[in-house]
Structures are given as C-alpha cells and as structure tokens.
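**Q** Take a look at this one; I'll ask things after.
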Amino acid sequence: MQFDVVIVGGGPVGLAMASTLSGAGLSIAVVERAAQAELATPAFDGREIAMTHLSHEIMERIGAWGLIPEGDISPLREARVLNGGSPFAMRFDPSGRGKEVLGHLAPNHLIRRSLYETANACADVSIFAGVAVTEVRREEAGAEVELADGQVLDAKLVIAADTRFSAIRRAQGIGAEMRDFGKTMMVCRIALEKPHDHVATEWFGYGQTFALLPLNDLPDGRHQASAVVTLTPDAMARLMALDDEALGAELTRRYERRLGRMTVIGSRHCYPLVATYANRFQARRLALIGDAAVGMHPVTAHGFNFGLRGAADLARRIKEQAQHGKDIADPAMLAAWEASHRRATWVLYQATNVTAKLFTDDRPPARLLRDLGLRLGGLLPPVRKTVLAHLMESRRPAAAR
Ligand SMILES: Cc1cc2nc3c(=O)[nH]c(=O)nc-3n(C[C@H](O)[C@H](O)[C@H](O)COP(=O)(O)OP(=O)(O)OC[C@H]3O[C@@H](n4cnc5c(N)ncnc54)[C@H](O)[C@@H]3O)c2cc1C
Numbered sequence: 019m020q021f022d023v024v025i026v027g028g029g030p031v032g033l034a035m036a037s038t039l040s041g042a043g044l045s046i047a048v049v050e051r052a053a054q055a056e057l058a059t060p061a062f063d064g065r066e067i068a069m070t071h072l073s074h075e076i077m078e079r080i081g082a083w084g085l086i087p088e089g090d091i092s093p094l095r096e097a098r099v100l101n102g103g104s105p106f107a108m109r110f111d112p113s114g115r116g117k118e119v120l121g122h123l124a125p126n127h128l129i130r131r132s133l134y135e136t137a138n139a140c141a142d143v144s145i146f147a148g149v150a151v152t153e154v155r156r157e158e159a160g161a162e163v164e165l166a167d168g169q170v171l172d173a174k175l176v177i178a179a180d181t182r183f184s185a186i187r188r189a190q191g192i193g194a195e196m197r198d199f200g201k202t203m204m205v206c207r208i209a210l211e212k213p214h215d216h217v218a219t220e221w222f223g224y225g226q227t228f229a230l231l232p233l234n235d236l237p238d239g240r241h242q243a244s245a246v247v248t249l250t251p252d253a254m255a256r257l258m259a260l261d262d263e264a265l266g267a268e269l270t271r272r273y274e275r276r277l278g279r280m281t282v283i284g285s286r287h288c289y290p291l292v293a294t295y296a297n298r299f300q301a302r303r304l305a306l307i308g309d310a311a312v313g314m315h316p317v318t319a320h321g322f323n324f325g326l327r328g329a330a331d332l333a334r335r336i337k338e339q340a341q342h343g344k345d346i347a348d349p350a351m352l353a354a355w356e357a358s359h360r361r362a363t364w365v366l367y368q369a370t371n372v373t374a375k376l377f378t379d380d381r382p383p384a385r386l387l388r389d390l391g392l393r394l395g396g397l398l399p400p401v402r403k404t405v406l407a408h409l410m411e412s413r414r415p416a417a418a419r
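Numbering (this note's numbering), first residue to last: 19 to 419.
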C-alpha cells in the first residue's frame, strides 16, 4: 500500500500529527500497536496534562479541543514552587500578560480520545490499529514500513512517534541521551477538605516531591485535585501497598494538612522517571516527534506541549513542500525543522533535568543551593520571565503556523 506519510505510533502526538497534516492532498497512515477499542475509548491513566495556550490553540485548530467535555477542563490560575520547610516560593501567575490563566488541565485519556476522533474523521488518514511496526527500511527514493501482520506500507516520509523508548529511533541508529532519575511518580485523584483556588503546587520536600494539580470541584461540591508524589521505587512500593483509606491518611500527613484531609477517590498509576533527548530528530525520509524526540521529566509539564508544537511545526513545513510540488521529505526542510525544534526545547529540557536532580537531592549543599535558587528565582524577574514565556506562549510562532 502506498502512502505519502506513515506515522508510527497512535499516541497523542502521532494522532495530532495526522490531523495537522490532513487537508493538504497527502495520504497519511497511522500505525498503532494498541487495539482500536483502546484508541477509541482509552482507559483513565491518572495523568492530568497541563496544556499551554499554544497547545490549546493547536488543539482547537484541529477540532480536538471541543471534543473534551468542558467540565473536564480545569483552569490553572497560578503555580507555586515550595522548597523543603523554607518560606520562599517561586510564583507563576499570568498577570500582565493579557490572559486570565496560566493554562488548562485535562485528563490524558480524554485528550487521547479527542485526538483519535479527530484523526479518524479525516478522509485522508488511515488508521491501522492493533498491529505493530516491526521494521522501517529507508532508501533515497522512499521508505518501506513493515507491520507485524506482514503488510508493507510504502511512504515518502516515515514519522516515528513511538514513545521515549522509541524502537524505530534505535533501529535506525539514532542515539539519545537517556536520563534515569531513579524515582517513581505516582498519580491519583483525591478530594480535599479545603479549596485549592486553582493553584498548582510543586512542593520539593525532603525525601519526597509532592505536587497538587487543581481540578474542578466534584459534582457533590467537594474540592478535587490530582496528587503527584515522587519517591524512590522502594518507598513507592510501600505507599502503593496501602489501601485507599491508609493512602489518604498518608497523603494528608505528607502534605502536612495544608489543605485539610485528603481522600483517595480514583485509581493510582505509577510512572518511572526517565528523560530522553534524541541526538538527531531526522534522517533521510525519517522524522522523530513527540517523546521519541524529546521525552521530558513531567515536573515542568512540557512533554505533550513540546510534542504538539513540534508536530504542528513539521506539518506546516511538509504542507508547504507539497503545495509547491516539492519533496515532502526534503533534507534541507527536515534539517530546518530539527533546528527549530531544538531551539524550542533544549533549554527547558536541560533546566528541567537540573531542577529535578537538584530538588530531589537532600544533601546539605544541595539544600542550600535549592533555597538560594528559589530566593533568586522568586526575586529576579528575568528567571521567572523565561519560564513564564514558555507557559504563556500563545500566538503560534511562524514555525508552528
Ligand atoms: C505522570 C505524567 C504526567 C505528565 N504530565 C504532563 C503535562 O502536564 N503536560 C505535558 O505537556 N506533558 C505531560 N506528560 C508527558 C506526556 O504524557 C507525553 O509527552 C505524551 O504522552 C507523549 O506522547 P507521544 O504520542 O509522543 O508518546 P506516547 O504517549 O508514549 O505514545 C506512543 C504510542 O506509540 C505506540 N507504539 C510504540 N511502538 C510502536 C510500534 N512499533 N508500532 C506501533 N505503535 C507503536 C504506543 O503503543 C503508544 O500508543 C506527562 C507524563 C507523565 C508520565
């Protein structure tokens, strides 16, 4: 079967890529190893994704935003970073930037569902579900994508969106920086006694990191949040062994009753913390997008945001090539896209890793640095400004238009 573009991986970024590419006269295939039912109705996976204004715009443009039920989208008015027992907090708020909120939170499974519906509705997108890609063979003139059931798809361009542990990336000889933080992150929904005022908190305590993501109130009026706890795998195993009541009491204790009693109201999900940055994002007739290119530590909530940004940027460049009857896998175009995506992601990728490492190191010198970092970050406008610029970026840059 012949396609212009074959996307490997029907995760959120692969599906968004298909929709952003649609409408340019190209034939697009998405191959996803998970079954069609899993794509159409993904199960709740505990992730509440904080989306920037730019992600909101891209999702709206492809028609996915409106498919997420309104009540499941929670506004993020402010974010605060707290350090150990120190009173110094770094605050991020949208004041002076013409927006009322920093961004929005939506559950990952509903984002995935909306992106599947959007891609599935595109006449020029074919979705092959329940079958894995086993091999990609690239030549000067085109590429072949072999599926586990023996089918072979011909493509002018293969786009790998196959997780941060991308097998395609590795098989094609592209290395990646892999940073294992040796920690596990647990996420679960909780009810709170006191209101959170839609403020997210990232509290780097000693021996733990505890984030609270503010969600809309429950139908019965109780306040709701997602608890995000980072611990060593051993400590996490002990936490996971607790029943819901004991876990609620333990979370209340760990959060020092700052928002009153916490009650577990949802399933718990654990994720190992490994960050990835590919050495190259493209090669002849191949591009890497999403986590396969840049797999962020979730602490700065940018993995999906970067994935969407990179996909929209690449789609715009491919469409331009197609409109002018040029090669949609032109090496110069792919190289320019890679340079642009590196510029957009590299600094925050490194800053995120340094922050995650420093703020989970409890040794005295690190504690001192942490405190100083927050004092400086809290006091020096340029530091906050850089981080805020990422959060508040809203006009689609030329690159993402
Ligand atoms: C706890 C947590 C919280 C997060 N919070 C945020 C946040 O607040 N904001 C944010 O922007 N990001 C956040 N992220 C990151 C975000 O979830 C990821 O960046 C995003 O899921 C990446 O999407 P993707 O499509 O690139 O990859 P994935 O979601 O990993 O999807 C890849 C897909 O490829 C498929 N696949 C793999 N190999 C093959 C193959 N050989 N053949 C066919 N299919 C294949 C897989 O089945 C999968 O469906 C968070 C992550 C975690 C773990």
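Ideal placement from N, C-alpha and C gives every residue a C-beta, glycine not left out.
Distance check for residue 288 and residue 117, CA to CA, integer angstroms please.
**A** One alpha carbon belongs to residue 117, the other to residue 288, and they sit about 33 Å apart.
**Q** For ligand 1, any of its heavy atoms closer than 7 Å to the Cβ of residue 50?
**A** A heavy atom of ligand 1 is found nearer than 7 Å to the CB of residue 50.
**Q** So, residue 120 versus residue 112, is the Cβ gap smaller than 8 Å?
**A** yes
**Q** Sort out for me which residues DSSP pairs residue 292 with in a bridge.
**A** 198
**Q** Taking the C-alpha atoms as reference points, what is the distance between residue 357 and residue 306?
**A** In a straight line, the C-alpha of residue 357 is about 13 Å away from that of residue 306.
**Q** Closer than 6 Å by C-beta to residue 419: which residues in its own chain qualify, once you throw out the five before and the five after it? Chain order, please.
**A** Confidence at residue 419 is low in this model, with a pLDDT of 40, below 50, so its placement is unreliable and no value can be given for it.
**Q** Comparing the CB of residue 320 with every heavy atom of ligand 1, is any distance shorter than 7 Å?
**A** Under cutoff, so the answer is yes.
**Q** Since residue 144 is in the beta strand (DSSP E), which residue starts that stretch and which ends it?
**A** 143-147
**Q** Looking at the structure shown, is residue 138 part of a helix, part of a strand, or coil, going by DSSP?
**A** Note: residue 138 maps to helix in three-state DSSP.
**Q** Can residue 252 and residue 21 be called in contact, C-beta distance under 8 Å?
**A** Cβ atoms of residue 252 and residue 21: not closer than 8 Å.
**Q** Rounded to a whole number of angstroms, what is the C-alpha to C-alpha distance between residue 81 and residue 156?
**A** 33 Å
**Q** Within the continuous beta strand (DSSP E) that includes residue 94, where are the two ends?
**A** 92-94
**Q** Could you pull the start and end residues of the alpha helix (DSSP H) that residue 266 belongs to?
**A** 262-272
**Q** Taking only the alpha-carbon atoms, compute the straight-line gap between residue 202 and residue 73 and give it to the nearest angstrom.
**A** 27 Å
**Q** Is any heavy atom of ligand 1 found at a distance shorter than 7 Å from the C-beta of residue 67?
**A** yes
**Q** Just to confirm my understanding: we take residue 233, look at its own chain, exclude 5 residues before and 5 after, and list those with CB closer than 8 Å. What are they?
**A** 66, 92, 123, 207, 242, 243 and 244
**Q** Which value, in whole angstroms, describes the spacing of the CA atoms of residue 199 and residue 55?
**A** 33 Å
**Q** Exposed or buried, residue 28, counting other C-beta atoms within 10 Å across all chains shown (16 or more means buried)?
**A** Residue 28 comes out buried.
**Q** Between the region 249-263 and the region 147-156, do at least 3 Cβ pairs fall closer than 8 Å?
**A** Judged by Cβ distances under 8 Å, the region 249-263 makes no contact with the region 147-156, as fewer than three pairs qualify.
**Q** Residue 283 and residue 209: beta carbons closer than 8 Å?
**A** yes
**Q** The alpha helix (DSSP H) with residue 35 in it runs from where to where?
**A** 30-39
**Q** Suppose you measure from the CA of residue 257 to the CA of residue 217; what does that come to, to the nearest Å?
**A** Here the alpha carbon of residue 257 sits roughly 25 Å from the alpha carbon of residue 217.
**Q** Using the C-alpha atoms, what's the distance from residue 153 back to residue 24?
**A** Straight-line measurement puts the Cα of residue 153 at about 12 Å from the Cα of residue 24.
**Q** Which same chain residues, not among the five before or five after residue 174, have their C-beta less than 6 Å away from its C-beta?
**A** 22, 160, 346 and 347
**Q** Let me know the secondary structure DSSP gives residue 316 once reduced to three states.
**A** helix
**Q** Considering only their Cβ atoms, is the gap separating residue 267 from residue 246 smaller than 8 Å?
**A** no
**Q** Using 8 Å as the cut-off, can you tell me whether the region 85-101 makes contact with the region 182-197, which would need three or more C-beta pairs spanning the two stretches below that distance?
**A** no
**Q** Per DSSP, what kind of secondary structure is residue 366 in: helix, strand or coil?
**A** helix
**Q** Which residue comes first and which comes last in the beta strand (DSSP E) that contains residue 242?
**A** Run containing residue 242: 241-249, per the beta strand (DSSP E) assignment.
**Q** Out of curiosity, what's the CA-to-CA distance linking residue 270 and residue 212?
**A** 12 Å
**Q** Find the nearest neighbour of residue 32 within the set 98, 302, 131 and 367, judged by alpha-carbon distance.
**A** Ranking the options by Cα distance to residue 32, first place goes to 131.
**Q** Return the chain-ordered list of same chain residues with a C-beta closer than 7 Å to the C-beta of residue 59, the five sequence neighbours on each side being excluded.
**A** Within the same chain, and ignoring the five residues on either side of residue 59 in sequence, the residues whose Cβ sits closer than 7 Å to its Cβ are 131.
**Q** On the three-state DSSP scale, how would you describe residue 322?
**A** helix
**Q** In three-state terms, what does DSSP make of residue 232?
**A** Looking at residue 232 - three-state DSSP - the assignment turns out to be strand.
**Q** I want to check one thing, is the minimum distance from the CB of residue 203 to the heavy atoms of ligand 1 below 7 Å?
**A** yes
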